[in-house]
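Visitor:
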């Protein structure tokens with residue numbers, strides 16, 4: 540029997556209207572939807588899809604549990620169980636649509652699933668989504684790059700120190716830790732900085748300039764650092 | 540009179556279905572559309588929008604000319620003329636929707652326009668799109684980043700030399716020059732590499748592995764370099 544296709548679908552980063560036409564079609568056309576997290580109704584990716592596909596609750600939803608732990612053997616066990624569960628559908632010729640926030644290539648929680656499915660020779664199709672760092676830059680109306688500029692994207696959680704500033708733009712993802720240290724570095728080097736919490740969501744908060752960035756920030760925060768002076772007039776952001 | 544809003548809209552990177560619902564709505568709802576290039580019918584961004592909005596030719600299209608030159612005074616003159624033209628519509632209270640490939644924050648030809656409009660106190664709203672480098676990674680079914688990985692995006696055109704390999708993934712945009720040099724570097728360091736020409740378009744071509752990457756590549760090529768071994772089975776890419 541022909542195997543089903545596993546779709547890894549990026550639903551964008553908050554604003555439901557930033558979902559692509561392709562994501563919308565694939566979610567609509569298929570019966571089985573996989574969502575990361577035990578309580579799938581609370582998963583942001585599920586909520587975004589639900590706002591565009593109201594018939595989502597009538598589909599079969601596979602909640603993929605993943606405990607918050609750093610124990611690799613526990614993580615591995617859950618990864619294998621989740622993959623195995625999805626494969627049982629693919630083996631019956633049924634497609635499975637797995638949802639992820641933002642874009643599936645950027646720090647996605649679906650990475651292990653895709654890797655294992657490919658290793659086991661299942662057909663996988665990945666559908667791109669709008670990444671959070673692009674949406675943050677566009678909300679601020681600043682470019683991430685122009686001409687010969689470079690973009691460097693780093694998970695701030697793992698950054699222990701900040702040394703040489705790279706040419707271009709530095710994007711710090713999940714920037715909830717080491718913020719005081721980062722601010723010190725930004726000030727010492729005369730750089731420009733912006734922080735955006737929960738971009739595109741109702742509780743979105745923007746901090747313009749290093750002096751306005753708090754030392755404590757939520758997990759879903761992105762900090763953008765540039766050597767160029769900002770040209771932005773912060774009052775000049777129309778609401779949709 | 541209330542000024543019109545200038546929308547800078549990313550239409551995604553090739554596949555028309557990768558346009559967002561928001562881009563679709565904004566293009567549909569507004570009467571004046573701006574496109575970069577003298578012959579706007581040939582502009583990729585126009586063609587992508589046209590496939591989703593067949594009534595596009597009935598709208599008023601502003602072609603924004605920009606000569607291929609490195610003379611900054613000539614570029615500046617065209618930038619000012621184009622901006623001025625758009626402002627004449629905004630002044631009449633009419634919105635203008637300017638289209639750009641990929642995402643407007645990433646090497647966009649609309650950057651100068653947005654900058655000037657903001658400096659002149661016009662309301663600007665930027666609508667994120669799917670960037671080409673995410674679509675390239677997703678077409679290849681490889682991650683750009685996971686866990687503590689970093690992503691470094693560089694315009695290859697301007698790269699004169701490749702020295703230390705950064706942690707994580709290196710994305711080379713517009714990688715039509717210096718390819719032989721890059722390949723030498725990739726081989727010397729035992730890295731993995733993929734090149735994708737015209738991603739998401741009909742003439743898309745994928746080169747797996749450094750030995751299969753030609754020395755001459757078209758302008759719209761992205762090369763991805765990683766230190767990790769690929770887990771991809773190249774035969775395992777289902778067509779949509």
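Chains as they are written, first to last, in the numbering used here: chain R, 540 to 779; chain P, 540 to 779.
All C-beta atoms, glycine included, are put in the ideal place defined by N, C-alpha and C.
So, with DSSP's three-state summary, where would you put residue 646 (chain P)?
Guide: Looking at residue 646 (chain P) - three-state DSSP - the assignment turns out to be coil, as it is neither helix nor strand.
Visitor: Indicate whether residue 638 (chain R) and residue 574 (chain R) have their beta-carbon atoms separated by less than 8 Å.
Guide: Yes. Within cutoff.
Visitor: Counting only beta-carbon separations shorter than 8 Å, does residue 609 (chain P) have a partner in chain R?
Guide: So no, residue 609 (chain P) is outside the interface.
Visitor: Name the one or two DSSP bridge partners that residue 573 (chain R) has.
Guide: BP columns for residue 573 (chain R) point to R:601, R:637.
Visitor: Considering just the uninterrupted stretch of the beta strand (DSSP E) at residue 709 (chain R), what are its terminal residues?
Guide: Run containing residue 709 (chain R): 708-712, per the beta strand (DSSP E) assignment.
Visitor: Suppose contacts are defined by Cβ-Cβ distances below 8 Å. Is residue 553 (chain R) in contact with residue 674 (chain R) by that definition?
Guide: Yes, Cβ-Cβ distance for residue 553 (chain R) and residue 674 (chain R) is below 8 Å.
Visitor: Apply the 10 Å Cβ neighbour rule to residue 733 (chain P) and answer buried if 16 or more other Cβ atoms are within range, or exposed otherwise.
Guide: Buried, because 16 or more other Cβ atoms sit within 10 Å of the Cβ of residue 733 (chain P).
Visitor: Could you give the DSSP three-state label for residue 761 (chain R): helix, strand or coil?
Guide: Strand.
Visitor: Using 8 Å as the limit for Cβ to Cβ distance, is residue 716 (chain P) near chain R?
Guide: No, no contact with chain R.
Visitor: Take residue 653 (chain R) and list the residues in its own chain whose beta-carbon comes closer than 6 Å to its own, dropping the five residues that flank it on each side.
Guide: 547, 663.
Visitor: Given residue 555 (chain R), which residues of its chain have a CB within under 6 Å of its CB, disregarding the five upstream and five downstream residues?
Guide: Closer than 6 Å at the Cβ level, and outside the excluded window around residue 555 (chain R), lie 587, 590, 591.
Visitor: Looking only at its chain, what residues have a beta carbon closer than 7 Å to the beta carbon of residue 600 (chain P), apart from the 5 residues adjacent to it on each side?
Guide: Excluding sequence neighbours, residue 600 (chain P) sits near 572, 574, 579.
Visitor: Would you check if the distance between the CB atom of residue 560 (chain P) and the CB atom of residue 558 (chain R) is smaller than 8 Å?
Guide: For residue 560 (chain P) and residue 558 (chain R), yes; Cβs fall inside 8 Å.
Visitor: Do residue 635 (chain R) and residue 562 (chain R) have their C-beta atoms within less than 8 Å of each other?
Guide: Result no, Cβ atoms of residue 635 (chain R) and residue 562 (chain R) do not sit closer than 8 Å.
Visitor: What residue range does the alpha helix (DSSP H) around residue 735 (chain R) cover?
Guide: Element bounds for residue 735 (chain R): not the alpha helix (DSSP H) but the beta strand (DSSP E), 731-736.
Visitor: Leaving out five residues before and five after residue 615 (chain P) in sequence, what residues of the same chain have Cβ atoms less than 6 Å from its Cβ?
Guide: Closer than 6 Å at Cβ, skipping near neighbours: no residue.
Visitor: For residue 777 (chain P) and chain R, any beta-carbon pair shorter than 8 Å?
Guide: A caution first: residue 777 (chain P) carries a pLDDT of 40, below 50, which makes its placement in the model unreliable, though a value can still be read off. Interface residue, yes.
Visitor: For the region 564-591 of chain P, which residues have a beta carbon sitting closer than 8 Å to at least one beta carbon of chain R?
Guide: Against chain R - using a Cβ distance shorter than 8 Å - the residues of the region 564-591 of chain P are 564, 591.
Visitor: Can you list the residues of chain R that residue 558 (chain P) reaches, using a CB-CB cut of under 7 Å?
Guide: The answer, in chain order, is 559, 560.
Visitor: Taking 6 Å as the limit between beta carbons, can you name the residues of its chain near residue 593 (chain R), skipping five residues before and five after?
Guide: No residues qualify anywhere along the chain.
Visitor: Per DSSP, which one or two residues make a beta bridge with residue 691 (chain P)?
Guide: Residue 691 (chain P) is bridged to R:691, P:709.
Visitor: Could you give the C-beta distance for residue 754 (chain R) and residue 719 (chain R), rounded to a whole number, given that I count them as a contact under 8 Å?
Guide: That belief holds up - the Cβ atoms of residue 754 (chain R) and residue 719 (chain R) are roughly 5 Å apart, short of 8 Å.
Visitor: Applying the criterion that 16 or more other CB atoms from any shown protein chain within 10 Å of the CB defines a buried residue, is residue 551 (chain R) buried or exposed?
Guide: It is buried - the Cβ of residue 551 (chain R) has at least 16 other Cβ atoms within 10 Å.
Visitor: Given a threshold of 16 other Cβ atoms within 10 Å of its Cβ, counted over all protein chains shown, does residue 641 (chain R) qualify as buried or as exposed?
Guide: Buried, by the Cβ-count rule.
Visitor: Can you list the residues of chain P that residue 732 (chain R) reaches, using a CB-CB cut of under 9 Å?
Guide: The contacting residues do not exist; residue 732 (chain R) stays about 16 Å from chain P at best.
Visitor: How about residue 665 (chain P): is its C-beta nearer than 8 Å to some C-beta of chain R?
Guide: By this cut-off, residue 665 (chain P) is an interface position.
Visitor: Please state the DSSP three-state secondary structure of residue 608 (chain R).
Guide: Coil at residue 608 (chain R), not helix or strand.
Visitor: Does the distance from the C-beta atom of residue 620 (chain R) to that of residue 655 (chain R) stay below 8 Å?
Guide: No. Outside cutoff.
Visitor: Near residue 647 (chain R), which residues of its chain fall below 6 Å by C-beta distance, leaving aside the five closest residues on each side in sequence?
Guide: Same-chain partners within the cutoff: 639.
Visitor: Between residue 721 (chain R) and residue 690 (chain R), how many whole angstroms is the CB-CB distance? I'm expecting something under 8 Å.
Guide: Rounded, the Cβ-Cβ distance is 17 Å, inconsistent with contact.
Visitor: Is it right to say residue 581 (chain P) is buried, meaning 16 or more other beta carbons lie within 10 angstroms of its own, or is it exposed?
Guide: It counts as exposed.
Visitor: Measure the C-alpha to C-alpha separation of residue 671 (chain R) and residue 549 (chain R) and round it to an integer number of angstroms.
Guide: In a straight line, the C-alpha of residue 671 (chain R) is about 11 Å away from that of residue 549 (chain R).
Visitor: List the residues of chain P whose Cβ lies closer than 9 Å to the Cβ of residue 676 (chain R), in chain order.
Guide: Near residue 676 (chain R) (Cβ distances below 9 Å), the residues of chain P are 642, 643, 644, 645, 665, 667.
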